[in-house]
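**Student:**
Number of protein chains: 2
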Amino acid sequence: MPPKAKFTRAQLQTAALALVDRDGLGALSMRTLAATLGTGPMTLYNYVRDRGDLDALVVEGVMAEVKLPRDSGEWQRDVRAIVEATWRTVRCHPNVIPLVLTRRTLHETTLDWAEALLRALARSGRSGVDLLVAFRTVSGFVMGFAQAQLSDPLTPDEDQQDVARAQALPADRFPRLIEIAGAAAKLGADKEFRAGLDIVMAGLAR
Amino acid sequence: MPPKAKFTRAQLQTAALALVDRDGLGALSMRTLAATLGTGPMTLYNYVRDRGDLDALVVEGVMAEVKLPRDSGEWQRDVRAIVEATWRTVRCHPNVIPLVLTRRTLHETTLDWAEALLRALARSGRSGVDLLVAFRTVSGFVMGFAQAQLSDPLTPDEDQQDVARAQALPADRFPRLIEIAGAAAKLGADKEFRAGLDIVMAGLAR
DNA sequence: ACGTATTACGTACAATGTACGTTGTCAAGG
DNA sequence: CCTTGACAACGTACATTGTACGTAATACGT
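As they're listed, the protein sequences go chains A and B. Oh and the first sequence: position 126 is 125 in numbering that gives the first Met the number 0, straight run, nothing missing. Oh and the second sequence: position 91 is 90 in numbering that gives the first Met the number 0, straight run, nothing missing.
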């Protein structure tokens, strides 16, 4: 019965993700996305329930890019691999991080990700509430750290402007902040994240 | 010269925060806030640069409610106290969490908070990049965990609807997720958060 | 008393999400 | 083959958003 669908949900997904990657979250609207696809805004509603569903689509698109590793037997290696893989793809789409943090999605890609992390954590002997706590700690760490790192006004690795602004604030009140401001530029973002992960992993291993 | 200011930034702040607490983030707009204050939208621009500044004002209002503890000499006790105090106030304003995660602010309340956490962490012997990593790990954990806990579709402590939805998903593909779904209801949110903090603290203490 | 800077507020416009209606297109039943 | 009905594409229209701009009122320094 259908007169042939002109697009696909997957097409909307990649187009929306590309648009957000290039122009930021604020540039994603029904009209702009429809324009990039060469159609009107209302056409999109055949593939998406509402605007919120479009956001979920973008989140799902990012989560789908996470390459979940094979089970290696060593749970610590697996957890590290999952977390680092997540961080790598999230780092490729920094504009989407607020969405990933905020939008709750029950799509299978997100569920697969959660289940994989849970499976690895369960192999440390945890179950029930302990497993829940470990899961939330790790997943909260990934997104929280990534967001903190990529939106921290005091430590934007590329922007020297804000570093100068950090140096400008009263040194008697915020000595540690000033000390920190320079440290981020020295260490790379990758090493920085891995060092944070070391802390969490040490806590999990105890 | 001024014809008597009708309002204050602080008044906008408390009104906006109350509005967000009651009706959610989406209910905060220039017009709705102006309406609660009994005036027009444009009046607000005398106290706020633009809409983004209003968001920052709300974030700042929440951060100001965090009661930072006195230095006790034991850095672990201080870090715990700061983190738990943060979580307590954030828990009172769950709708603001996405904003706190997203909006970067350089206001003194946020800077005071950061400096206090840095001071406590520095007393563990860390400095430079180690201090930076520890800071981001802890601060990322707080917000990431809180957001994960309060917006997780699988474990909303009060809403039995979503728990049922979790039980409905295929048990052969997501066994751990189903196991977890029930665990959140058993443990309270407080205990859950504190258990997560235990993990991070153990990692910091190593 | 007067000028001037600053606030309060109304008007107006562009952009957004989307409810609704119309039109076109396919696939199956007579 | 023709009809019919379900679904997709798309246009129109409206409410709501942020805010640029202009006008009127106010309170102080001189």
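Cβ coordinates follow ideal geometry from the N, Cα and C atoms, glycine included.
1) Can you pull the chain A neighbours of residue 146 (chain B), defined as C-beta to C-beta under 8 Å?
2) Does the beta carbon of residue 149 (chain A) come closer than 8 Å to any beta carbon on chain B?
3) Assuming residue 53 (chain A) is part of the alpha helix (DSSP H), what are its boundary residues?
4) According to DSSP, simplified to helix, strand and coil, what is residue 40 (chain A)?
5) Given that a residue counts as buried once 16 or more other Cβ atoms are within 10 Å of its Cβ, and exposed if not, what is residue 7 (chain B)?
6) When we look at the beta-carbon of residue 12 (chain A) and count the other beta-carbons within 10 Å, is it buried (16 or more) or exposed?
7) Roughly how many angstroms lie between the CA atoms of residue 16 (chain B) and residue 87 (chain B), to the nearest whole one?
8) Assess, as a yes-or-no matter, whether the stretch 64-77 of chain B is touched by the stretch 17-25 of chain B under the definition of 3 or more beta carbon pairs within less than 8 Å.
9) For a cutoff of 8 Å on Cβ pairs, would you count residue 198 (chain A) as touching chain B?
10) Determine the closest residue to residue 188 (chain A) out of A:197, A:180, A:40, A:149, with distance taken between C-alpha atoms.
11) Give me the chain B residues within the contact set of residue 202 (chain A), using Cβ-Cβ distance strictly less than 9 Å, ordered along the chain.
12) Under 8 Å between C-beta atoms, does residue 78 (chain A) make it to chain B?
13) Where does residue 192 (chain B) sit, in a helix, a strand or coil, going by DSSP?
14) Answer with yes or no whether the minimum CB distance from residue 31 (chain A) to chain B is below 8 Å.
15) Are residue 195 (chain B) and residue 135 (chain A) touching if we call contact CB-CB under 8 Å?
16) Check residue 73 (chain A) in the structure and name its three-state DSSP category.
17) Closest to residue 94 (chain B) by C-alpha separation, out of B:124, B:142, B:133, B:121, would be which residue?
18) Can you pull the chain B residues whose beta carbon is under 7 Å from the beta carbon of residue 134 (chain A), in chain order?
19) So residue 139 (chain B) and residue 182 (chain A) are in contact, right, with Cβ under 8 Å, and what is the actual spacing, rounded?
20) Which residues of chain A have a Cβ atom closer than 8 Å to the Cβ of residue 118 (chain B), listed in chain order?
21) What three-state label does DSSP hand residue 171 (chain B) in the structure shown?
22) Counting only beta-carbon atoms, is residue 68 (chain B) nearer than 8 Å to chain A?
23) Let me know if residue 49 (chain A) comes out buried or exposed under the rule of 16 or more other beta-carbons within 10 Å of its beta-carbon.
24) Is the CB of residue 57 (chain A) under 8 Å away from at least one CB in chain B?
25) Under 8 Å, do residue 4 (chain B) and residue 35 (chain B) count as touching if we go by C-beta distance?
26) So that I know if they touch, is there some Cβ in chain A lying closer than 8 Å to that of residue 127 (chain B)?
**Tutor:** Quick look at the numbers:
1) 100, 101, 139, 142, 143
2) no
3) 50-64
4) helix
5) exposed
6) buried
7) 16 Å
8) no
9) yes
10) A:149
11) 197, 198, 199, 200, 201, 202, 203, 204, 205
12) no
13) helix
14) no
15) yes
16) coil
17) B:142
18) 179
19) Residue 139 (chain B) to residue 182 (chain A), Cβ: 16 Å. No contact.
20) 175
21) coil
22) no
23) exposed
24) no
25) no
26) yes
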